Amino acid sequence: MSNKKGRSHLILPDFSQSPCVDKVGVEERVSRFQKRSIKNEAKMQGLKMALNMIDLTTLEGKDTPGKVRQMCYKAQHLHDIHPDLPTVAAVCVYPSMVGVAAKAVAGSGVKVASVSTAFPSGQAPLEVKLMDTKFAVAEGADEIDMVISRGKFLSGEYNFVFDEIAAIKEACGKARLKVILETGELVTLDNVRRASDIAMFAGADFIKTSTGKISPAATMQVTYTMLEAIRDFKLKTGIQIGMKPAGGISNSKLALHNLVMVKETLGEDWLTNEWFRFGASSLANDVLMQIMKAETGVYQSADYFSKD
Amino acid sequence: MERLEVLKTYKIYIGGKFPRTESGRFYSPENQKGQKLGNICLSSRKDVRNSVVAARKAFGGWSERAAFNRGQILYRIAEMLEGRKAQFVEELIFQGATKAQAEKEVNISIDRLIYYAGWCDKYTQVLGSINPVASSHFNFSVHVPQGVVGVIAEQSSSLIGLVSVVAPIIAGGNTCVVIASEKLPLCAITFAEVLNSSDVPGGVVNILTGSPSEMIKPLTTHMDVNGMTYAGNDSEIITQLRESAALNLKRISHYDDNWMDAEAQNLYMISDFQEVKTTWHPIENIGGATSSY
């Protein structure tokens, strides 16, 4: 049940006793984050920060090496008309595209993340999931986004879920592990909290809300619940865990609300792409349009930005 | 006990919904007798932005509808307008028209919608062409919608000015963002309710009330607006349109028609909001007698 990456000393709690979440309280708190007024320089700084935290993602059956190369180019050249824009944090692709992506972003500082473990359903035997993961790492993935077995989780087999995450973590080697809870299938915030705790004790470097294939995805309520779990884990163990809301964050306003939430829940330490990411495919263009609007004073059109 | 009348809240129309203005502001225009017409939304530039987003989102679906289906929907708008005639007449009278004028205005509005409903599946045949070219190509031109069109509706009428410009725009497969008459805003919003109950997809027509002077700039400079039209003859507004249009080469048009004239409608109002797409289709060499085209 232990994993070798420095968490073996932790005394495991009884996950069935994970703290309950006050849903009404969470909604109250979340609605406050949406009322902060962020304007002018603060907004611009927030937008650039958000850009630099994006995992630019393409996870479609129709992905081709050409599509992936195009996205990797975009990751490094968001909007060349505008100087001094950051790059995104990473590109996120299927394992079969990792080799292509790694070559395309080599030397740019943009990381390559690969989904694995029979993404998005996770319905495969452990051996297959391990092979999937090892393949992605061998191809050059810096980060692995795994999915948990939601069916097992919902049947109460927490040890199974824990062991699986620990095994994948081992297979990751140096790659950082993001654990996708797929909160849209977990039904309650209590379950989200419990799954977060399991993932963090089992060796996750990041916890991530969703695959993006299921709606609802990264609602602020869910993200907030996970941020609280991260905060409690840090207080208890001293270990810092990253957060990645993914799916449904398609506009700048929502991204800024998320940043406010991170800052006020976890503090400034998390406000870098080392510890916080947005999983999104269309957020980048919306942020770019907001930045150009702020500079030109004119509302922008997607026609003048590269395709997502 | 005397019944207290329930007054209607006139809200704006964006993306098939009736939100209040994002700004939370309102204004209270009055008729000539000094009666308050109501508390009307004083829309802001952010409402303009939201409307353009909604219009852009609706454009794909609307422009790809079968032309015949667009015609059916325009006809449906006319039907619903006919059913709510009394309400429009009442609003027009409240805003200062005589009963006869009001009835005439509503009738012409209905007929105008029917007129453009009929054109929906015919204008491409009439406007399109097969062009003679001196090479081995079958060369033809078709009309395709511009995209999102910004509309500054006639300020001196409440219903007919708006209907006369919006109908040809949507008949041609465009979507639009309309700035309604500032002083006579009631029928614009009631017309939005008609649209909303007529199978017109949300976002195809978006209607904002408030001060045109505040909304014209963000609308005309918006990079995602492909055309602008203005019903009126204020030379300052026309100049402003021309200047802003240069930003992304918007096509602009302006009209100074008397819309109450039953003849103030024609095919070219549809083509004003169309782009011509010409296709060069390679074919076998055409030699006199064996020509197959």
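Quick mapping for you: the protein sequence lines, in order, are chains B and C. Counting along the first sequence from 1, when you hit position 75 you're at 75 in our numbering, and nothing is skipped either side. For any residue, its number in our numbering is found by taking its place in the second sequence, counting from 1, and adding 1000. The beta-carbon is built from N, C-alpha and C at its ideal position, and this holds for glycine as well. Every value quoted in this text rests on a predicted model; they were computed, and no experiment measured them.
What did DSSP end up calling residue i once you bin it into helix, strand or coil?
i, result
"Asn1206 of chain C", "strand"
"Ser282 of chain B", "coil"
"Trp1259 of chain C", "coil"
"Met1001 of chain C", "coil"
"Gly1034 of chain C", "coil"
"Lys395 of chain B", "No information on residue 395 of chain B is available, as it lies outside the stretch 1 to 308 that chain B covers here."
"Asp80 of chain B", "coil"
"Cys20 of chain B", "coil"
"Thr62 of chain B", "This sequence places Lys at residue 62 of chain B; Thr is not what is there. Here Lys62 of chain B sits in coil by DSSP."
"Tyr1010 of chain C", "strand"
"Ser1253 of chain C", "strand"
"Pro1282 of chain C", "strand"
"Arg176 of chain B", "strand"
"Ile965 of chain C", "Shown here, chain C extends from 1001 to 1293; a query on residue 965 of chain C therefore has no answer."
"Asn3 of chain B", "With a pLDDT of only 42 at Asn3 of chain B, under 50, the local geometry of the prediction cannot be trusted, and the value read off the model is given with reservation. Residue state, collapsed to three classes: coil."
"Gln1274 of chain C", "strand"
"Ile1169 of chain C", "helix"
"Tyr1027 of chain C", "strand"
"Leu271 of chain B", "coil"
"Ile11 of chain B", "coil"
"Asp1047 of chain C", "helix"
"Phe1191 of chain C", "helix"
"Thr265 of chain B", "helix"
"Ile1040 of chain C", "strand"
"Phe305 of chain B", "coil"
"Ala167 of chain B", "helix"
"Ala89 of chain B", "coil"
"Ile38 of chain B", "coil"
"Phe1018 of chain C", "coil"
"Thr57 of chain B", "strand"
"Val1200 of chain C", "coil"
"Val1178 of chain C", "strand"
List, in chain order, every chain C residue whose beta-carbon is nearer than 8 angstroms to that of residue i.
i, result
"Gln300 of chain B", "Met1223 and Asp1224"
Please check the pair residue i and residue j, which I expect to be a contact at CB under 8 angstroms, by giving their CB distance rounded to whole angstroms.
i, j, result
"Ile214 of chain B", "Glu182 of chain B", "6 angstroms"
"Thr117 of chain B", "Lys129 of chain B", "4 angstroms"
"Ile207 of chain B", "Met261 of chain B", "So it is not a contact: roughly 15 angstroms between Cβ atoms."
"Val1048 of chain C", "Val1177 of chain C", "7 angstroms"
"Asn1174 of chain C", "Gly1016 of chain C", "16 angstroms between Cβ atoms; not a contact."
"Ser177 of chain B", "Met146 of chain B", "Per the sequence presented here, residue 177 of chain B reads as Leu, with Ser not at that position. That belief holds up - the Cβ atoms of Leu177 of chain B and Met146 of chain B are roughly 7 angstroms apart, short of 8 angstroms."
"Glu1069 of chain C", "Ile1014 of chain C", "The sequence shown places Asn at residue 1069 of chain C, not Glu. Actually they do not touch by this definition, with Cβ atoms about 23 angstroms apart."
"Thr1209 of chain C", "Ile1040 of chain C", "5 angstroms"
"Thr1229 of chain C", "Ser1244 of chain C", "With a Cβ gap of about 13 angstroms, Thr1229 of chain C and Ser1244 of chain C do not count as contacting."
"Gln1274 of chain C", "Gln1146 of chain C", "7 angstroms"
"Lys67 of chain B", "Ala89 of chain B", "Not quite, the Cβ-Cβ distance comes to about 20 angstroms (not below 8 angstroms), so this is no contact."
"Leu288 of chain B", "His79 of chain B", "5 angstroms"
Please compile the residues from chain B whose C-beta is within a distance smaller than 7 angstroms of the C-beta of residue i.
i, result
"Leu1247 of chain C", "Val298"
Identify the contact partners of residue i in chain C, using a Cβ-Cβ distance below 7 angstroms as the criterion.
i, result
"Tyr304 of chain B", "Met1223"
Please report whether the beta-carbon of residue i lies at a distance below 7 angstroms from any beta-carbon of chain A.
i, result
"Leu78 of chain B", "The structure shown contains no chain A; its protein chains are B and C."
What residues from the region 1039-1052 of chain C come within 9 angstroms of chain B, judged by C-beta to C-beta, listed N to C?
Correct list: Arg1045, Val1048, Arg1049 and Val1052.
Residues, ordered as in the chain, of the region 1210-1221 of chain C that lie near chain B by beta-carbon distance below 7 angstroms
Cβ contacts with chain B come from Pro1218 and Thr1221.
Where in the region 181-261 of chain B do unbroken runs of the alpha helix (DSSP H), each at least 4 residues long, occur, reported from the N-terminal end onward?
If you keep only unbroken alpha helix (DSSP H) runs of at least 4 residues inside the region 181-261 of chain B, you get 189-202 and 220-237.
Secondary structure, beta strand (DSSP E): runs of 3+ residues fully inside the region 1208-1237 of chain C
1227-1231
Which ranges does the alpha helix (DSSP H) cover as unbroken runs of at least 4 residues, wholly within the region 1112-1157 of chain C, from first to last along the chain?
Within the region 1112-1157 of chain C, the complete alpha helix (DSSP H) runs of at least 4 residues are 1123-1127.
Whole runs of the alpha helix (DSSP H) within the region 95-161 of chain B, excluding any shorter than 4 residues
98-105, 126-139 and 150-154
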